[in-house]
Amino acid sequence: MQQLTQKLGSGDMIIQDVPYPQLGKGMVIVKNHYSIISAGTEGSTVVAARKSLLGKAKERPQQVKQVIDTLKKQGPIQTYRAVMKKLDAYSPLGYSCAGEVIEVGEGVTEFEVGDKVACAGVGYANHAEIVSVPVNLCVKLNPSTNLKDAAYNTLGAISMQGVRQADMRLGESCVVIGLGLLGQLAALILKASGVTVIGIDVSEAAVQKAVDNNVVDLGLTRNAAGVEEQIQNATNGYGADAVIIAAATASLDPINFAGAIARKKGKVVVLGAVPTGFERDPFWYRKELELKMACSYGPGRYDLNYEEKGIDYPLPYVRWTEKRNMEAFQNLIATKKIDIDYLTTHEFEFDNAKDAFDLVVSKAEPFTGIALKYNIEKTANKTKIATSETEQLGKINISFIGAGSYAQGNLLPNIPETNDVARVGVLTNTGTTSKRVAEKFKFQFCATNEEDVLDDKTNTVFVATRHDSHGPYVLKSLKANKNVFVEKPICLLESELEDIIEAQSEAKKAVMIGFNRRFSPLTDKLKKAVGNNPMTILYRINAGAIPGDSWIQDLEIGGGRVLGEVCHFIDYLTYLNGSLPVKVSASALPDANKLNDTLNILIQFENGSSGVVAYYANGSKSMTKEYVEVFSAGISATLNDFKELKIYGKGKPKKDKIFNQNKGQKEMVEAFVNGLLTDGKAPIPFEEIVAVTKASFKVLESVKRGGEQVEI
Numbered sequence: 001m002q003q004l005t006q007k008l009g010s011g012d013m014i015i016q017d018v019p020y021p022q023l024g025k026g027m028v029i030v031k032n033h034y035s036i037i038s039a040g041t042e043g044s045t046v047v048a049a050r051k052s053l054l055g056k057a058k059e060r061p062q063q064v065k066q067v068i069d070t071l072k073k074q075g076p077i078q079t080y081r082a083v084m085k086k087l088d089a090y091s092p093l094g095y096s097c098a099g100e101v102i103e104v105g106e107g108v109t110e111f112e113v114g115d116k117v118a119c120a121g122v123g124y125a126n127h128a129e130i131v132s133v134p135v136n137l138c139v140k141l142n143p144s145t146n147l148k149d150a151a152y153n154t155l156g157a158i159s160m161q162g163v164r165q166a167d168m169r170l171g172e173s174c175v176v177i178g179l180g181l182l183g184q185l186a187a188l189i190l191k192a193s194g195v196t197v198i199g200i201d202v203s204e205a206a207v208q209k210a211v212d213n214n215v216v217d218l219g220l221t222r223n224a225a226g227v228e229e230q231i232q233n234a235t236n237g238y239g240a241d242a243v244i245i246a247a248a249t250a251s252l253d254p255i256n257f258a259g260a261i262a263r264k265k266g267k268v269v270v271l272g273a274v275p276t277g278f279e280r281d282p283f284w285y286r287k288e289l290e291l292k293m294a295c296s297y298g299p300g301r302y303d304l305n306y307e308e309k310g311i312d313y314p315l316p317y318v319r320w321t322e323k324r325n326m327e328a329f330q331n332l333i334a335t336k337k338i339d340i341d342y343l344t345t346h347e348f349e350f351d352n353a354k355d356a357f358d359l360v361v362s363k364a365e366p367f368t369g370i371a372l373k374y375n376i377e378k379t380a381n382k383t384k385i386a387t388s389e390t391e392q393l394g395k396i397n398i399s400f401i402g403a404g405s406y407a408q409g410n411l412l413p414n415i416p417e418t419n420d421v422a423r424v425g426v427l428t429n430t431g432t433t434s435k436r437v438a439e440k441f442k443f444q445f446c447a448t449n450e451e452d453v454l455d456d457k458t459n460t461v462f463v464a465t466r467h468d469s470h471g472p473y474v475l476k477s478l479k480a481n482k483n484v485f486v487e488k489p490i491c492l493l494e495s496e497l498e499d500i501i502e503a504q505s506e507a508k509k510a511v512m513i514g515f516n517r518r519f520s521p522l523t524d525k526l527k528k529a530v531g532n533n534p535m536t537i538l539y540r541i542n543a544g545a546i547p548g549d550s551w552i553q554d555l556e557i558g559g560g561r562v563l564g565e566v567c568h569f570i571d572y573l574t575y576l577n578g579s580l581p582v583k584v585s586a587s588a589l590p591d592a593n594k595l596n597d598t599l600n601i602l603i604q605f606e607n608g609s610s611g612v613v614a615y616y617a618n619g620s621k622s623m624t625k626e627y628v629e630v631f632s633a634g635i636s637a638t639l640n641d642f643k644e645l646k647i648y649g650k651g652k653p654k655k656d657k658i659f660n661q662n663k664g665q666k667e668m669v670e671a672f673v674n675g676l677l678t679d680g681k682a683p684i685p686f687e688e689i690v691a692v693t694k695a696s697f698k699v700l701e702s703v704k705r706g707g708e709q710v711e712i
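Residue numbering for the sequence shown is 1 to 712, as defined by full-length UniProt numbering.
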């Protein structure tokens, strides 16, 4: 199928063939009939992409700071890879579309094949022939609905949420500042609600459009003579009951102007992208104005449980969610209470989408809404897409399932380039990522189906997806008789681990997990220095906080930080002392969200060694992240952030310091591939992977039991 993409680095925009989207649980596959270009949001993205690197840096100082921080901590190579991953990626565009359901995923009951639907969401409702959308970002339409109008779905819901935040009553007055797409839609919704609407814009053409289409009761340009007095007169001298700012500007004028024209104790709602550094006097303070923000489409936005898992908010308690806002907007169109036909000033065939964006950037002629029309007679191709002319195989033939930031920065660049190793297929949850990774890292194809990467050509699978899919993909790979490398953790459930143990026993294939720290060059020197004696180890991790609503903290998807990251450090202690963990006890710092991400873990090992993993999410980021102390038979050692090693024994301490942090990712990938080439075995014994994973589960059990010691 085809999708419109753009590279952030060069600004190049192309329509290209990408793999058919994945149909996940709780999702629907939709064939687009129309999608709408958001001249504001998408236009600014396109303009930024077409700027020089210096221009991009000036626009995004916060991201520049992140790059500098990464450079300090991880060195130039990792920083370069991270930056180029962003700049070279095929970024999808679009977030509002309408079409026809052609497939429904597991658990979907409210949609059927053939339903007309409107869709929303960045990364979902793309400018593409086919899209995959979660059920809570998709609404069913009347069969007679005009799909071009319905494609304004996202923009309509955003405007609807702005109106809801204004909380208007019949007969009240509202000023809408900014009469672009969002402003026009907000004015239409207000007018349909019986509110007196006054529209303001710096563009005379935008004001005239609103007046000509009976969208506003009064339309004024911002610089019109006596504009404040005219608004006072139109509101019987009270001032506006509410002001909705739908403009996009760096100027403080809209927020201060809103303060001037709102009545005492009135409301000001920020719907557009404007600064809010208003002047306290003479209006805001004296009028006791209320400033409110409108969060995109409404309640549910940015909530993983709502948008990705499809868990709805109970209607009696949250009357208007983002989906219900979309449904209300579509109902206004279907019942002809609003007429938005006039908004579409331009329509382009999808094949000419680049011309449409050129118009947005150049502003060669006036425009409001720009619709992209798709060829609905065209059949989408579900076959894999070749990205290389060669089909030559080697002794190790690798395919990737998942290829996000970590894989692109640490795994893919480190696969040895030799005739013994062939790069076969790439499958990710987005076609754009699959295509770009396959091209950049010279794989033979990017895939649509799991079967494409688990076929006879592939004998080794790298799994680098979200944590909840690790276990199932490892199991499928083993049952397909493949070697497996999986990013940590190997699975999120103890039952999955038992299934994997059984499958590995039957397949006799290598299973490797991404415990990279044991492969660091400084780790090798540390282990040689402390020997094989029983030892005590302290591993302190200044992990930093991750928001509770992150997918990593979600127990179903990310498994939480113990399963998702602490397993790394349990493995490190296991490797250093050379024996398996047998008992753990753990206590976590109490927190309201029960994240269990600040905790102390005591581990006992078969050979009598003991270790503490001190994993803290409540510290300062300015402190180094990882610090290890080891004590063994008269030898002491410290390892600071995998950059500096000190060995204490007789005489002066021996120091070993490297310029750039090295956590062993390159060495880990090379060791795995070389192990397969030499004896078909993974460099980490499978029994250690199992023991560390079981220990991670037992850490959580111990926390629940108040720190009680638990046998593994």
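Note that CB positions come from ideal geometry on N, CA and C, so glycine has one too.
Query: Is the segment 514-524 close to the segment 654-672, with three or more CB pairs under 8 Å?; Result: yes
Query: Rounded to a whole number of angstroms, what is the C-alpha to C-alpha distance between Arg263 and Asp241?; Result: 6 Å
Query: DSSP three-state label for Lys704, please.; Result: helix
Query: Is Pro521 a contact residue of the ligand GTP, with contact defined as CB to any heavy atom under 7 Å?; Result: Ligands are entirely absent from the displayed structure, and the ligand GTP is therefore not among its contents.
Query: May I have the straight-line CA-CA distance separating Lys116 from Val690, to the nearest angstrom?; Result: 48 Å
Query: Tell me which residue opens and which closes the beta strand (DSSP E) that Asp17 is part of.; Result: 13-17
Query: Work out the CA separation of Val175 and Gly199 for me, nearest whole Å.; Result: 6 Å
Query: What residue range is occupied by the uninterrupted beta strand (DSSP E) comprising Glu279?; Result: Where Glu279 is concerned, there is no enclosing beta strand (DSSP E), given that its DSSP letter is neither H nor E.
Query: Do you know whose CA, among Lys594, Leu170, Val612, Ile311, lies nearest Ser585's CA?; Result: Val612
Query: Can you give the Cα-Cα distance for Ala464 and Gly651, rounded to whole angstroms?; Result: 46 Å
Query: Note down the Cα distance separating Ala617 from Ala545, rounded to an integer number of angstroms.; Result: 5 Å
Query: Based on the DSSP output, what are the partners of Lys7 in its beta bridges?; Result: Tyr90
Query: Can you tell which of Phe443, Lys488, Leu8 has the C-alpha that lies nearest to the C-alpha of Lys457?; Result: Phe443
Query: Can you tell me where the alpha helix (DSSP H) holding Ser296 begins and where it ends?; Result: Note, Ser296: premise wrong, no alpha helix (DSSP H); not H, not E.
Query: Pick helix, strand or coil for Cys491, following the three-state DSSP scheme.; Result: coil
Query: Is DSSP giving His33 helix, strand or coil here?; Result: strand
Query: Looking only at its own chain, which residues have a Cβ that is under 8 Å from the Cβ of Asn596, when we skip the five neighbours before and after it?; Result: Gly560, Arg561, Val562, Ala588, Leu700, Val703
Query: I'd like the span of the alpha helix (DSSP H) that includes Tyr473, first residue to last.; Result: 470-479
Query: Use the C-beta contact count for Leu493: other C-beta atoms within 10 angstroms, 16 or more gives buried, fewer gives exposed.; Result: exposed
Query: Between the C-alpha atoms of Arg466 and Gly431, what's the straight-line distance to the nearest angstrom?; Result: 16 Å
Query: Roughly how far, in whole angstroms, is the beta-carbon of Val424 from the beta-carbon of Leu526, given that I think they are within contact range, below 8 Å?; Result: About 37 Å separates the two Cβ atoms, so there is no contact after all.
Query: Just the Cα atoms here: how many angstroms apart are Glu308 and Thr428?; Result: 17 Å
Query: With a cut-off of 8 Å, do at least 3 Cβ pairs link the segment 292-306 to the segment 162-171?; Result: yes
Query: Cβ of Pro254 within 8 Å of Cβ of Ile177?; Result: yes
Query: In this structure, does DSSP put Leu497 in helix, strand or coil?; Result: helix
Query: Name the one or two DSSP bridge partners that Glu290 has.; Result: Lys267
Query: Are the beta-carbon atoms of Asp420 and Gly394 separated by less than 8 Å?; Result: yes
Query: Indicate the three-state DSSP secondary structure (helix, strand or coil) for Ala234 in the structure shown.; Result: helix
Query: So Val28 packs on Cys97, CB below 8 Å; how close in whole Å?; Result: Not confirmed; about 12 Å, so no contact.
Query: Classify Pro590 as helix, strand or coil using the three-state DSSP reduction.; Result: coil
Query: Do you know how far the Cα of Ser91 is from the Cα of Val46?; Result: 11 Å
Query: Just to check my reading of the structure: Gln2 and Asp17 have Cβ atoms closer than 8 Å, yes? What is that Cβ distance to the nearest angstrom?; Result: 6 Å
Query: What span of residues does the beta strand (DSSP E) with Leu639 cover, start to end?; Result: 635-640
Query: Between Gly634 and Pro534, what straight-line distance do the alpha-carbon atoms span, to the nearest angstrom?; Result: 11 Å
Query: Going by Cα to Cα distance, which pick from Val202, Val216, Leu93, Asp212 is closest to Asn223?; Result: Val202
Query: Which one of Pro653, Phe642, Lys654, Leu602 has the shortest CA to CA distance from Val710?; Result: Leu602
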